[in-house]
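Under this note's numbering, the first residue of the sequence shown carries the number 7, and numbering increases by one thereafter.
In this text, a Cβ means the ideal position worked out from N, Cα and C, and glycines have one as well.
Following: one structure in structure tokens, then a few remarks.
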Amino acid sequence: MIRLVRQDELPKLQVIEKVAAQRFRDTDQSWIADDDGMDLEQLEHWLRHGKIWVAVDSAGEPVGFAVAHPIDGTAYLHELDVHPQHSRRGLGARLIDEVATWARDCGYSAVTLSTFAEIPWNAPYYHRLGFRSLREQELGPGLRKVRADEAAGGLDLDARICMIRPV
Numbered sequence: 007m008i009r010l011v012r013q014d015e016l017p018k019l020q021v022i023e024k025v026a027a028q029r030f031r032d033t034d035q036s037w038i039a040d041d042d043g044m045d046l047e048q049l050e051h052w053l054r055h056g057k058i059w060v061a062v063d064s065a066g067e068p069v070g071f072a073v074a075h076p077i078d079g080t081a082y083l084h085e086l087d088v089h090p091q092h093s094r095r096g097l098g099a100r101l102i103d104e105v106a107t108w109a110r111d112c113g114y115s116a117v118t119l120s121t122f123a124e125i126p127w128n129a130p131y132y133h134r135l136g137f138r139s140l141r142e143q144e145l146g147p148g149l150r151k152v153r154a155d156e157a158a159g160g161l162d163l164d165a166r167i168c169m170i171r172p173v
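Take a look at the structure:
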């Protein structure tokens with residue numbers, strides 16, 4: 007089941023993000039596995055200024071989550087994580103579909119995101135779910151700021167792409 011997160015579940019999202027990041031350990035982006043991820047203050051910010059959905063198991067416990075907020079008239083997918091013990095069950099796709107439903111209900115034209123171009127569970131995964139890569143000249147001011155923030159945070163922009171999926 008997919009539903010909106012409860013505030014008391016935010017610490018569980020930190021655990022999911024940290025465990026999910028371990029997949030990066032054997033990639034060129036291995037530093038992500040050691041990154042702290044979002045702190046509670048950041049998650050609380052997105053709870054107030056965006057939306058956070060959780061995929062829950064049969065006991066109602068979060069096992070995956072998506073964070074989205076408006077950028078350039080789209081729903082920007084800020085974060086998507088699924089606990090590895092629950093991966094490959096379609097939870098990521100279902101979370102994205104929930105973001106797309108919210109986008110459509112809000113009158114947004116699409117879901118956008120920024121991701122690694124070559125990591126198999128990043129851009130190739132999103133391509134399979136109907137996203138396409140955006141060219142630099144297609145980026146609005148919000149996505150340009152996302153890229154600038156990523157660069158300021160140490161991400162290699164040559165390894166990243168922005169993507170879009172109409173709703």
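With the rule of 3 Cβ pairs closer than 8 Å, the region 72-89 does not count as touching the region 28-41.
When the Cα atoms are used, Val62 and Leu149 turn out to be separated by approximately 30 Å. In terms of Cβ geometry, Lys24 and Trp108 do not form a close pair [threshold 9 Å]. Comparing alpha carbon positions, the residue from Pro76, Ala129, Ala99 and Val117 closest to Trp52 is Pro76. Residue state for Ile77 is assigned as strand, using DSSP reduced to three classes.
Tyr82 is positioned such that its CB atom lies closer than 9 Å to that of Leu119.
Secondary structure of Ser120 (DSSP, three-state): strand. Counted as a single uninterrupted DSSP element, the alpha helix (DSSP H) harbouring Arg153 occupies residues Pro147 to Ala158.
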